[in-house]
Amino acid sequence: MDSEVNSTDAVGVEDTASTPIPVERPRRWPGTIGTLVLAPLLLGCAWLAQRQGTSAMLLAVFLALIVLCTAWAMCGAGPGVCAATLGFVLLLFAGPALNDFVMNRRGVHHEGLMAGVASYHRKHGDAGHTCQVVRIDPVTGKPRTYSVDDSSGCSGSSKTGQRVILVEDPTGWLVPRLDSSVHGLSSGLAWTCGSLFAGMEAFVLYGRLRRRHD
Numbered sequence: 401m402d403s404e405v406n407s408t409d410a411v412g413v414e415d416t417a418s419t420p421i422p423v424e425r426p427r428r429w430p431g432t433i434g435t436l437v438l439a440p441l442l443l444g445c446a447w448l449a450q451r452q453g454t455s456a457m458l459l460a461v462f463l464a465l466i467v468l469c470t471a472w473a474m475c476g477a478g479p480g481v482c483a484a485t486l487g488f489v490l491l492l493f494a495g496p497a498l499n500d501f502v503m504n505r506r507g508v509h510h511e512g513l514m515a516g517v518a519s520y521h522r523k524h525g526d527a528g529h530t531c532q533v534v535r536i537d538p539v540t541g542k543p544r545t546y547s548v549d550d551s552s553g554c555s556g557s558s559k560t561g562q563r564v565i566l567v568e569d570p571t572g573w574l575v576p577r578l579d580s581s582v583h584g585l586s587s588g589l590a591w592t593c594g595s596l597f598a599g600m601e602a603f604v605l606y607g608r609l610r611r612r613h614d
């Protein structure tokens with residue numbers, strides 16, 4: 401009798417041992433949602449880089465490197481490299497695109513006078529130019545001087561004493577420009593930024609889904 405009970409217990413132990421225990425796989429959707437937010441964070445870094453001052457640009461570059469490295473690590477070797485590369489290119493295009501859009505939408509136009517034009521030699525051999533524009537502050541009545549470079553409308557054809565229109569960001573976030581360089585956001589640049597954004601998000605989603613099935 402005891403032998404029959406022992407044999408039954410042994411069979412039960414063997415059946416229990418042979419039954420596979422289901423292993424609960426870790427949830428990856430919170431990480432996927434968090435990774436998809438990285439592209440909008442890059443847009444924030446691009447906007448921060450447009451602020452006047454070197455410290456803001458350095459901070460934007462530092463934060464962008466953290467975002468790109470996180471995207472690489474969260475998506476795996478293949479998709480991560482593609483997502484980080486597209487994100488880096490997006491950072492280069494999104495900053496000027498946001499600058500053009502915002503300056504065209506909320507820039508304030510002021511009449512100014514070209515007080516001086518200076519030229520300097522660049523590394524590539526061509527000459528660069530810096531213009532000093534003076535305008536009268538309507539609040540204080542005192543003259544204010546602005547420095548405008550090549551990317552903001554100053555050129556070799558600019559002459560001292562020339563009357564110009566200066567476009568200034570009322571918040572002081574963006575560098576002032578001459579009216580000749582404010583054209584708004586072009587459709588080509590908008591499509592480029594949109595394609596880079598969509599491509600980065602696609603590689604992020606593909607990398608996360610591939611890791612889920614590994």
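Going by the working numbering, the sequence shown opens with residue 401, and the numbers climb by one from there. Using N, Cα and C, we set each Cβ at its ideal position, and we do this for glycine too. This structure is a prediction, so every number in the text was calculated from the model and none was measured.
C531 is bridged by DSSP to V517 and V548.
Beta-bridge analysis with DSSP links H509 to V567. Under the DSSP definition of a beta bridge, R577 partners with V567.
Per DSSP, P440 is one residue of the alpha helix (DSSP H) stretching across L438 to A449. Counting along the chain, no alpha helix (DSSP H) covers S558, and no H or E run does either. Secondary structure note for L465: its alpha helix (DSSP H) is the uninterrupted segment T454 to C475. By the Cβ test, the region 504-523 is in contact with the region 531-542, since at least three Cβ pairs between them sit closer than 8 Å.
Scanning H583, G584, L585 and E568 for the CA closest to the CA of R577 turns up E568.
Here DSSP, grouped into helix, strand and coil, assigns P543 to strand. Note that the C-beta distance between G495 and Q450 is below 7 Å. Separation of the CB atoms of G453 and R610 is rounded to 41 Å, and the pair is thereby denied contact status at 8 Å.
About 18 Å separates the beta carbon of F603 from that of C445, a gap too long to meet the 8 Å contact definition. Per the Cβ contact rule, the region 577-587 is not in contact with the region 536-545 (fewer than 3 Cβ pairs under 8 Å). Remark: C-beta atoms of V461 and L441 do not approach each other more closely than 7 Å.
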